[in-house]
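Add 1144 to a position in the sequence shown, counting from 1, and you land on the number used in the working numbering. Here a beta-carbon is modelled for each residue, glycine too, at the ideal position from N, C-alpha and C. Note that the coordinates shown come from a computational prediction; the quantities given were computed from them, not determined experimentally. Structure first, commentary second.
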Amino acid sequence: MTDKQSYRVKNEYLAENYSEVTPMEFYREMFPLGSFERRGHLEDAKANGILTVIEGDKARNYVVFDDLREIVGQKGAEFAIMSPIGYSGRNRTAKNARWLYGIAIDLDGVEYQNLRDLFFQAKNGFFPQPTYTVNSGHGLHLYYLFERPVPLYPHLHDKLRSFKYALTDLVWNRYTSTYTEREQVQYQGIFQGFRVVGTQSKLGKRYPVKVFRTGEKTTVEQLNSYLAEDKRMTGFHYQSDLTLSQAKEKYPEWYERRIERGEGRGRWHVNRALYDWWIKKIEESASPGHRYHCLSVLAAYAVKCDVAEDELLSDAMRLLPILDARSDDDHNRLTRRDVLDAMHLYQESYVNFSRSEAERVSGISMPPNKRNGRKQEVHLRGARAIQQINDEADGTNWREGNGRPSAYEKVKAWRIANSMGRKADCIRDTGLSKPTVYKWWDWEAVEAQRLKEEGEGYLWTESEIMANPGFVEECCRRGIRLNVVSDDEYEVLMMERYLQEKPWKKRKS
């Protein structure tokens, strides 16, 4: 069966069993009257929808007001996308996201039997019945619309993404899709845009995106009931218990920098090698079903590695013909429009995009750095040996003269090894005096201050950063830049530095 035949068969099945609705009916239920700012009424001070139309090489955002006129006006458009989200501002960014009106899951590789099995499983409680089912051409978009929107506080973004992944794992299985391998499953974030109902599908003008009402609105609690306890979304209606006045008293430097001066939050910066490595991985391993998301990850890594947007776009366009050639399906072409849309991850909010997240959405295996069963202390011994060689050649001691007494190192090492330990335990175990332990107890602050005074050129390994979240948090509060490299790369850099300095040619004075 061809893609076009499959499209017609899916429409016939959905029309026989459910009611087709108009684009206006669908989006009005998604965004009830009063959800957005009224046209010409700035005093409403509400969020708005953002509709993105991609024409040629340009993407244009349209602000959607409460009358939803912009959505209806796009009927028949070749490529228009929208998220079930209300935004503050004109750009479809995570930073501007204010309200989540539902979860939309992209289910690809759906043929007639898969469609029947999908609703059989939903009716029998294997996973929740979608509020609306959209025939997008090749596959389906399943919308779970919320009775009340969920506020998109920044601290909830990761939780909601994991929540959506868990739902995707339920819905996407060997009965509901012809794509049965785990790496073929498309895990998408909560900010993902989907083709607007009433516009063209990838199949062309004669195959518009259609929508059918297949269930009722739902709640996060109802969706949770289908998930294992450790996968459920919790705490979604709470903000931080820390008030702004308390934050000012507890973190005065952070308050001055972030609130009074309006500066951005601190973060660490990753070596450029990560970005270049990912380009090679895309060229080697990107599969047809994950090409778009591989480019999205590239955009996130560009932010991590401080790669300019122009360079990112140039690299992405260079990859376009390579990735497009991965599929011989005329209706599954990767276009310049897809590339432009994938660039939406080029924003500061994706700077902490994790390895596991990249692996999940791209379908490319990214095993963590291995130590061959050795602990970090042993793994980095080579780098320290190089330092020792330099010391012997120069008559120096890298551990001395750095403004930190040995007592500090003892307290720091004890605290890292005993994160929940008490001061009294540290005094007993180290043999240090009470005033000394108290002086160096908050080692993260001491280390952060040292970085601030001596400069930010110091290299940190990924394992050091992941093992010491308190230190990272302290640096972020102080606006300190952390340069992070992989453990293996750190050893290579240390060896290169050793070879460049040629310490064996030096003479002691």
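At a Cβ-Cβ threshold of 8 Å, Thr1320 and Leu1158 do not count as neighbours. Residue burial is scored here from C-beta neighbours: Thr1146 has fewer than 16 other C-beta atoms within 10 angstroms and is therefore classed as exposed.
Beta-bridge partners assigned by DSSP to Arg1357: Ser1163 and Tyr1276.
In this structure, the straight-line span from the alpha carbon of Asp1374 to that of Arg1260 is close to 30 Å. Listed in chain order, the non-local C-beta contacts of Phe1356 below 6 Å within the same chain comprise Leu1158, Tyr1162, Glu1164 and Thr1277, local neighbours out to five positions each way being set aside.
The three-state reading of DSSP puts Pro1176 in coil, since its state is none of H, G, I, E or B. Ser1471 carries a coil assignment under DSSP once its states are collapsed to helix, strand and coil. If you compare the alpha carbons of Tyr1436, Met1487 and Ala1460 with that of Val1505, the shortest gap goes to Tyr1436. Shown here for Trp1422: same chain residues with a beta carbon closer than 7 Å to its own, the five before and five after excluded, namely Val1441, Leu1442 and Tyr1445 in chain order. For Glu1222, the secondary structure class from DSSP, reduced to helix, strand or coil, is coil. Listed in chain order, the non-local C-beta contacts of Trp1316 below 7 Å within the same chain comprise Leu1251 and Val1329, local neighbours out to five positions each way being set aside.
8 Å or more divides the Cβ of Gly1230 from the Cβ of Ser1150. Gly1193 and Glu1404 have their C-alpha atoms some 30 Å from each other. Collapsing the DSSP output to three states places Lys1583 in a helix. Assigned with DSSP and collapsed to three states, Arg1204 falls in strand. Shown here, Ala1248 sits in a strand according to DSSP, grouped into three states.
Around the beta carbon of Asp1474, fewer than 16 other beta carbons lie within 10 angstroms, which makes this residue exposed. DSSP, reduced to helix, strand and coil, places Tyr1436 within a helical segment of the structure shown. The beta-carbon separation of Gln1344 and Gly1220, rounded to 7 Å, stays under the 8 Å limit for a contact. The C-alpha of Asp1454 is placed about 20 Å away from the C-alpha of Leu1478.
With 16 or more other Cβ atoms from the protein chains shown falling within 10 Å of its own Cβ, His1434 counts as buried. Just measuring C-alpha positions, the residue of Arg1305, Pro1272, Tyr1171 and Arg1236 sitting nearest Ser1498 is Arg1305. Ranked by Cα distance from Ile1198, the options Arg1318, Phe1338, Tyr1309 and Ala1241 are led by Phe1338. Closest in C-alpha terms to His1299, from the list Ala1241, Phe1209, Leu1347 and Leu1286, comes Ala1241. Shortest Cα-Cα distance from Ala1430 to any of Thr1574, Ile1571 and Glu1503 involves Glu1503.
Residue ranges of uninterrupted alpha helix (DSSP H) with 4 or more members, entirely inside the stretch 1441-1487 and ordered along the chain, are 1453-1468 and 1480-1486. As a beta-bridge residue in DSSP terms, Ile1194 pairs with Val1207. Ser1500 counts as exposed, since fewer than 16 other C-beta atoms from the protein chains shown sit within 10 angstroms of its C-beta. Inter-segment contact for the stretch 1280-1300 and the stretch 1355-1371 is present: three or more beta-carbon pairs are separated by less than 8 Å. Within 10 angstroms of the beta-carbon of Met1564 lie fewer than 16 other beta-carbons, which makes it exposed. Per DSSP, Tyr1287 is not a residue of any alpha helix (DSSP H); the beta strand (DSSP E) it occupies stretches across Leu1284 to Pro1295.
Spatial neighbours of Asp1482 in its own chain (CB-CB distance under 6 Å, excluding positions within 5 residues in sequence) are listed in chain order as Tyr1436. Take Gln1366, set aside five residues on each side of it, and the residues of its chain with a beta-carbon closer than 8 Å to its own are Pro1272, in chain order.
Of the residues Lys1448, Glu1428 and Glu1427, the one whose Cα lies closest to the Cα of Leu1418 is Lys1448. Bounds of the alpha helix (DSSP H) holding Ile1215 are Arg1213 to Val1216. Here Ser1227 is buried. Its C-beta has 16 or more other C-beta atoms within 10 Å.
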